[in-house]
Ligand code: NG6
Ligand code: CA
């Protein structure tokens, strides 16, 4: 039996949107009226974090309540990778099913599919439906990776059985009869910059190779609309019960291919245009809540999976047209970064009547949503469930102004940052400072870095040399957290 008070829950999750990309967080020139309104009606966090500076790890944490670096498989996955959440693992949607919720995911998955012998032509065993979602309509990985098809529950949508799909990420197995970016650049509408030289789909070459499945291939220009429609369908069919919707947008990840309605609507080229498009899609979904009279009963959370990037693999003029726009606002770094721009992201929460509109400086991490939702819906967690997730309902609802004492954030490849209320500590890491592909600062240095974020939000003044005791203390706390789960031991 569910309590009638259980709110519907919608997580709207952008892909690579930066802390400074929305006008409600200080941007100029990108029309995002729907998100700005959401921020006005809700609580806007200044210190809301993804657990990692890349996608798969952040999404893994969101759904499992576990830090991503605890699972060695939680790295950016190819589109044919096996599912990294096990069928018997505890997950946020399973916990909400226990609480009586109908659960659905629409959009980007990127947590693997199948159990090793993935065949996109068969009913897939190992989908979101096996880890807690009643309904799913997804893309397997990213919009720059094959297979470029939608998967509706266990089946590729619109697949013609006489034209089966083959997928490989191995250049030695690349399909000689299928054009790819490396060998057929003359066929490209948008040139790649790095990587992304595999199969050409809709004039854009992707990561990986794909053959067949022609009737199922998505149209990049309508992807936003299709996901919004699917999200709306899920809401309509679930309106009489408490529901949980994980609406995982593909914008503004590369390739940035806006619907023609949004092309040239911002000064920043396609990157701005797809953010405007994203906002429109979100508006469609939020309007549906209004229309069904569900706004008051629905807790809406908007955030992003990692920080921003200009050149993530295509020559799409994002750099040339960026002008003065600061995607990460005052923060240093972006996607892939150990600096704040990697993981501090927009984070807006709305629940009319339950959350006072305003702003919050509390420290909140997306890994906490699992336990926070359990708290809100009256679910007890088992001893090993959501091990890094804190029950912070008061923080989410704006009553508590402090939030977490500390947390571990991941840059790339399990490299960690330790963040507490005042400081960010980046241990020495033996790797590049700059990402050679994107030009983003990954932030690795052979020396420790310590920043006092109270007066140095841009992380320009490394205090490690001046404050060795603080460095030692934070190194110790980081190691303690790595050794044991934070919540239940
Ligand atoms: C990287 C890709 C990048 C993007 C990223 C995943 C190259 C050189 N770079 O490996 O383009 O696809 O993976 O992005 O291939 S994420 O938001 O899903 O983490
Ligand atoms: Ca991402």
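Residue numbers (our numbering): 435 to 923.
Heads up, the beta-carbon is just placed ideally off N, CA and C, and yes, glycines get one too.
If you're wondering where the values come from, they're calculated on a predicted model, not measured in any experiment.
Residue i in three-state terms, based on DSSP
| i | result |
| --- | --- |
| residue 749 | coil |
| residue 824 | coil |
| residue 574 | coil |
| residue 916 | helix |
| residue 681 | strand |
| residue 624 | strand |
| residue 481 | strand |
| residue 442 | strand |
| residue 754 | coil |
| residue 447 | strand |
| residue 712 | helix |
| residue 597 | coil |
| residue 719 | helix |
| residue 730 | helix |
| residue 436 | At residue 436, the pLDDT of 40 sits below 50, so the modelled position is not reliable; the number obtained from the coordinates is stated separately. Coil, per DSSP. |
| residue 644 | strand |
| residue 900 | coil |
| residue 459 | helix |
| residue 813 | coil |
| residue 800 | helix |
| residue 609 | coil |
| residue 669 | helix |
| residue 589 | strand |
Contacting residues, own chain, Cβ-Cβ under 6 Å from residue i (five flanking each side not counted)
| i | result |
| --- | --- |
| residue 443 | 678 and 733 |
| residue 445 | 680 and 735 |
| residue 623 | 637 |
| residue 645 | 600, 609 and 612 |
| residue 810 | 827 |
| residue 781 | 479, 482 and 737 |
| residue 536 | 568, 672, 675 and 677 |
| residue 448 | 683 and 738 |
| residue 669 | 722 |
| residue 841 | 799 and 853 |
| residue 896 | 883 |
| residue 491 | 502, 508 and 844 |
Option nearest residue i by Cα separation, candidates the options
| i | options | result |
| --- | --- | --- |
| residue 769 | 519, 489, 865 and 594 | 489 |
| residue 565 | 554, 556 and 588 | 588 |
| residue 792 | 545, 619, 472 and 898 | 472 |
| residue 577 | 484, 689 and 675 | 689 |
| residue 882 | 902, 753 and 696 | 902 |
| residue 508 | 830, 879, 494 and 685 | 494 |
| residue 772 | 724, 813, 742 and 794 | 742 |
| residue 857 | 873, 868 and 889 | 889 |
| residue 605 | 593, 598, 597 and 630 | 630 |
| residue 458 | 886, 476 and 441 | 476 |
| residue 861 | 595, 908 and 474 | 908 |
| residue 900 | 724, 885 and 892 | 885 |
| residue 530 | 440, 452 and 460 | 440 |
| residue 571 | 664, 656 and 603 | 664 |
| residue 520 | 492, 532, 534 and 549 | 549 |
| residue 474 | 694, 789 and 702 | 789 |
| residue 653 | 824, 583 and 485 | 583 |
| residue 450 | 666, 864, 620 and 542 | 542 |
| residue 484 | 887, 779 and 626 | 779 |
For residue j and residue i, believed in contact at Cβ under 8 Å, the rounded distance
| i | j | result |
| --- | --- | --- |
| residue 828 | residue 499 | Not confirmed; about 18 Å, so no contact. |
| residue 487 | residue 776 | 3 Å |
| residue 552 | residue 506 | Rounded, the Cβ-Cβ distance is 20 Å, inconsistent with contact. |
| residue 632 | residue 647 | Not quite, the Cβ-Cβ distance comes to about 15 Å (not below 8 Å), so this is no contact. |
| residue 581 | residue 554 | 6 Å |
| residue 805 | residue 815 | 7 Å |
| residue 455 | residue 753 | That belief does not hold up - the Cβ atoms of residue 455 and residue 753 are roughly 15 Å apart, past 8 Å. |
| residue 650 | residue 592 | 5 Å |
| residue 700 | residue 452 | Their Cβ separation, rounded to whole angstroms, is 15 Å, which puts residue 700 and residue 452 out of contact at 8 Å. |
Other residues of its chain near residue i: CB distance less than 7 Å, five sequence neighbours each side excluded
| i | result |
| --- | --- |
| residue 547 | 517, 558, 560, 561 and 574 |
| residue 916 | none |
| residue 618 | 634 |
| residue 579 | 512, 513, 640, 641 and 642 |
| residue 730 | 786 and 787 |
| residue 867 | 875, 876, 877, 878 and 879 |
| residue 662 | 715, 718 and 719 |
| residue 628 | 747 and 871 |
| residue 461 | 454, 455 and 759 |
| residue 436 | Note that residue 436 scores 40 on pLDDT, short of 50, meaning its location in the model is unreliable and no value can be drawn from it. |
| residue 795 | 480, 481 and 835 |
Ligand 4 heavy atom lying under 6 Å from the CB of residue i
| i | result |
| --- | --- |
| residue 889 | As far as ligands go, the structure on display features ligand 1 and ligand 2 and does not contain ligand 4. |
Same chain, Cβ closer than 8 Å to residue i, five either side skipped, listed in chain order
| i | result |
| --- | --- |
| residue 523 | 498 and 565 |
Between the segment 463–473 and the segment 716–731, are three or more C-beta pairs nearer than 8 Å? yes
I'd like to know if the segment 551–559 and the segment 583–599 are in contact, where contact means that at least 3 CB-CB pairs between them fall below 8 Å. yes
On the three-pair Cβ rule with 8 Å, is the segment 899–918 touching the segment 848–860? yes
Sufficient close CB pairs (3 or more, under 8 Å) joining the segment 799–818 to the segment 749–768: Segments in contact, no.
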